[in-house]
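Just so we're aligned: 17 in numbering that gives the first Met the number 0 is position 18 of the sequence shown, and the numbers increase by one with no gaps anywhere.
We put the beta carbon where it would ideally sit given N, CA and C, even for glycine.
Note that this is a predicted model, so its numbers are computed, not measured.
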Amino acid sequence: MPARKKTAEAAVSEKTVETPVKKTAARKPAVKKTESVILQYAGNETVLNDLTAKAKEAFVAAGNKASEAKDIKVYVKPEEGKAYYVVNGDFGGEMNLF
0 MPARKKTAEA
10 AVSEKTVETP
20 VKKTAARKPA
30 VKKTESVILQ
40 YAGNETVLND
50 LTAKAKEAFV
60 AAGNKASEAK
70 DIKVYVKPEE
80 GKAYYVVNGD
90 FGGEMNLF
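Here it is in structure tokens:
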């Protein structure tokens, strides 16, 4: 019996091999860590992390751009119930702690 000629489709279908689909493990959502520094003094408390943000808000409220605040220093004086801040070495003020 003579050998049959394979059609192009038959040749391609013979060569096609299905690759198994790899299953990836579902990613767990990243756990956001929170960090706080809390000052407790004379029965009062305040979150110190918020003080630099408040200093930056005061800087912006005075007509400056937030992106211009490059250096913010906050000095905490719990005995006075105040924090003093200096932004970029020339803008400063005070805020109540409690």
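Give the range of the alpha helix (DSSP H) segment to which residue i is assigned.
i	result
Val36	Careful: Val36 lies outside any alpha helix (DSSP H) and carries neither H nor E.
Using DSSP bridges, identify the partner residues of residue i.
i	result
Glu93	Tyr83
Which residues mark the beginning and the end of the beta strand (DSSP E) in which residue i is found?
i	result
Lys72	71-76
Glu67	From DSSP, Glu67 is part of no beta strand (DSSP E); its letter is neither H nor E.
Thr45	43-46
In chain order, what residues of the same chain lie with their CB nearer than 7 angstroms to the CB of residue i, ignoring the 5 residues before and after it?
i	result
Ala65	Lys55, Val59
Tyr40	Pro77
Thr51	Ile71, Val73
Ser35	Val46, Asn48
Val85	Lys72, Gly91
What residues in its chain sit with their C-beta under 8 angstroms from that of residue i, if we drop five residues either side in the sequence?
i	result
Ile37	Glu44, Thr45, Val46, Leu47
Taking its Cβ as the centre, do 16 or more other Cβ atoms sit within 10 Å of residue i, making it buried, or is it exposed?
i	result
Tyr74	exposed
Val20	exposed
Val30	exposed
Ala24	exposed
Ala61	exposed
Leaving out five residues before and five after residue i in sequence, what residues of the same chain have Cβ atoms less than 6 angstroms from its Cβ?
i	result
Tyr83	Tyr74, Glu93
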